[in-house]
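S.K.:
Here's what the structure looks like:
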């Protein structure tokens, strides 16, 4: 089995704590874990890490699910800052039930390169 097969475990861990936020990847994907680590780092730099309950990458769906402690903050100032961090670091994520994309992926889709 290749490390790049769909369900291949690329890392020896599938979950960990990053800046006090539990993160996990369904298939222990190195790319997914690195995106979540970058995301939690940016959020922590803004002092917003305690707002996040959990971040989980559903490898099968290619979707990172972000859960907040306070469901009322999705679109307030802090929520917008957290979403901006996701847009900088995570290719495809769920934000309050809606699918969002990184700036990089959005630009590729708009240019027709995908």
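In this note's numbering, the protein residues as written are 773 to 886. Using N, Cα and C, we set each Cβ at its ideal position, and we do this for glycine too.
Would the beta-carbon of residue 887 fall within 7 Å of that of residue 796?
M.R.: Outside the displayed span of the chain (773 to 886) sits residue 887, for which this structure offers no information.
S.K.: For the segment 846–870, list the alpha helix (DSSP H) runs that are entirely contained and at least 4 residues long, ordered along the chain.
M.R.: Fully enclosed alpha helix (DSSP H) runs of 4 or longer: 849–861.
S.K.: In or out: residue 857 buried (at least 16 other Cβ within 10 Å) or exposed?
M.R.: With 16 or more Cβ atoms within 10 Å of its Cβ, residue 857 is classed as buried.
S.K.: Rounding to the nearest angstrom, what Cα-Cα distance links residue 774 and residue 875 in this structure?
M.R.: Each residue's alpha carbon lies about 30 Å from the other.
S.K.: Note the first and the last residue of the continuous alpha helix (DSSP H) segment covering residue 875.
M.R.: First-last of the alpha helix (DSSP H) with residue 875: 875–883.
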